[in-house]
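Worksheet: one structure, shown below.
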Amino acid sequence: MEAAETGRAAVAERLLTSSLRTSYDPTVEIDWDAPHTPGAYWLPPQRSSLYGTPLWEQLSEEQRVELTRHEVASAASAGLWFETILMQMLIREYYRADPTSRQAQYALTEVADECRHSIMFGRLIEAMGCPVYRASTVDHHLGRFLKATASGPRMYAAILIAEEILDAFQREIMADESLQPLIRMVSRIHVVEEARHVRFAREELAAEVAATGPVGMAYARLLVGRAAYTIANRLVHPDVYAAVGIPPAIGRAAARANPHWRATLRWSAARVHANLADVGLVAGPGRLLWARAGLI
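Spelled out as structure tokens, the structure:
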């Protein structure tokens, strides 16, 4: 047990050092006033929720670009929503932690990162000229419940789900030179800093799972499944379809039935699903929620 604690402290120490070397202030690192590239997509078109559907085929090239702009704004809105929850969970954990421990100090460093990321996502939505796609009333209350109660494996698993699903999209975006430079730069900053957050969450998750009994694990599997379902459904708000003249209900139904979009969801969740399944957090009724969300 002592060796495991020492190992976690060593990882946190390395992450603190890495944070000193490679941290970014998006308010100065990004040229928010730069003009957008005419005709460039904001998301690889094959990652659009309607790609390959009859609705997609009916859209003009300009409308397809517009749809990806709003889909990115929706994902950024979901990122803002979850990062606000994440920061409150980390601060709640810090409140009862040893402030001299490297794990507690890295948790505060991560909160600082997430503050900058939230500003960055807000500036991104503003620069794109899109609305903030807010959480539904149900998801809003679920978020309030999660930030107030989640701890142990429930907390770190939820963090990993949100961070790794977005990370999959952003790694692809930052490497695609055909996309808008603004979203590529935002993605690069987020990927670099989130890599540290993912490593920290994995270390803490492993320790929390080892300390959790069977009843706690059963509850965690259910809550983690619900978190996965909510996060997957928050990625593309139905109102984005109205931006290209598609009624939201029709667009959402088409996306849910779209094999290309379901394959994209499975691709985005593959790494985090494998990790959580390995530690016993994807099973029972919770696994049904993963499947219902299209993540497996």
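Every letter in the sequence shown is one number past the one before it in UniProt numbering, and letter 48, counting from 1, is 48. Virtual Cβ for every residue (Gly too), placed ideally from N, Cα, C.
Pairwise C-alpha distance: residue j and residue i
i: Val240; j: Arg234; result: 12 angstroms
i: Ala227; j: Arg154; result: 9 angstroms
i: Pro26; j: His117; result: 8 angstroms
i: Gly213; j: Val72; result: 40 angstroms
i: Val11; j: Val186; result: 26 angstroms
i: Asn258; j: Leu55; result: 11 angstroms
i: Ala210; j: Gly143; result: 26 angstroms
i: Phe145; j: Trp42; result: 33 angstroms
i: residue 325; j: Tyr24; result: The structure shown does not extend to residue 325, since the chain is modelled only from 1 to 296, so the question has no answer here.
i: Val138; j: Thr230; result: 10 angstroms
i: Ala283; j: Pro238; result: 29 angstroms
i: His190; j: Ala162; result: 13 angstroms
i: Glu13; j: Ala75; result: 31 angstroms
i: Arg102; j: Ala243; result: 47 angstroms
i: Arg184; j: Glu29; result: 13 angstroms
i: residue 301; j: Cys130; result: Residue 301 lies beyond the stretch modelled for the chain, which goes from 1 to 296, so this question has no answer here.
i: Gln88; j: Arg69; result: 29 angstroms
i: Val132; j: Leu16; result: 32 angstroms
i: Ala220; j: Ala150; result: 9 angstroms
i: Ala40; j: Val111; result: 33 angstroms
i: Glu61; j: Pro45; result: 10 angstroms
i: Ile246; j: Ala263; result: 22 angstroms
i: Gly216; j: Asn275; result: 19 angstroms
i: Ala218; j: Ile85; result: 23 angstroms
Exposure label - residue i; buried when at least 16 CB within 10 Å
i: Ala8; result: As written in the sequence, residue 8 is Arg, which differs from the Ala given in the question. Result: buried.
i: Arg202; result: buried
i: Ser49; result: buried
i: Asp113; result: buried
i: residue 297; result: Absent from the structure is residue 297, since the part of the chain shown begins at 1 and ends at 296.
i: Asp33; result: exposed
i: Gly225; result: buried
i: Leu20; result: exposed
i: Gln170; result: buried
i: Ile250; result: exposed
i: Arg96; result: exposed
i: Asp98; result: exposed
i: Ala148; result: exposed
i: Glu204; result: buried
i: Thr53; result: buried
i: Glu194; result: buried
i: Ala291; result: exposed
i: His273; result: buried
i: Ile159; result: buried
Neighbourhood of residue i by C-beta distance below 7 angstroms, restricted to the same chain and skipping five residues each side
i: Thr22; result: Val192
i: Thr37; result: Gln180, Pro181
i: Glu208; result: Gly152, Pro153, Tyr156
i: Ile119; result: Pro26, Thr27
Contacts around residue i, its chain only, beta-carbon distance under 8 angstroms, and the 5 residues preceding and following it disregarded
i: Ala232; result: Ile165, Leu265, Ala269, Ala293, Gly294, Leu295
i: Arg123; result: Pro26, Thr27, Ile30, Trp32
i: Arg287; result: Arg221, Gly225, Ile296
Own chain partners of residue i with C-beta closer than 6 angstroms, once the 5 adjacent residues on each side are dropped
i: Arg188; result: Met174
i: Ala127; result: Trp32
Residue i Cβ short of 7 angstroms to the ligand SAH heavy atom set
i: Val215; result: Among the components modelled here there is no ligand, and therefore nothing to report on the ligand SAH.
Interface flag, residue i vs chain C, CB-CB below 8 angstroms
i: Trp32; result: In the structure shown, chain C does not exist; there is a single protein chain.
* Those runs of the alpha helix (DSSP H) which lie wholly inside the stretch 167 to 224 and span at least 4 residues -> 181 to 210
* To do: Give a yes or no on contact between the stretch 81 to 95 and the stretch 252 to 263, applying the rule of three or more CB pairs nearer than 8 angstroms.
  => no
* Asked: Do the stretch 102 to 110 and the stretch 277 to 293 touch if we need at least three Cβ pairs shorter than 8 angstroms?
  -> no
* **Secondary structure, alpha helix (DSSP H): runs of 4+ residues fully inside the stretch 232 to 274** => 248 to 257
* Fully enclosed by the stretch 68 to 136, which alpha helix (DSSP H) runs are 4 residues long or longer? -> 102 to 128
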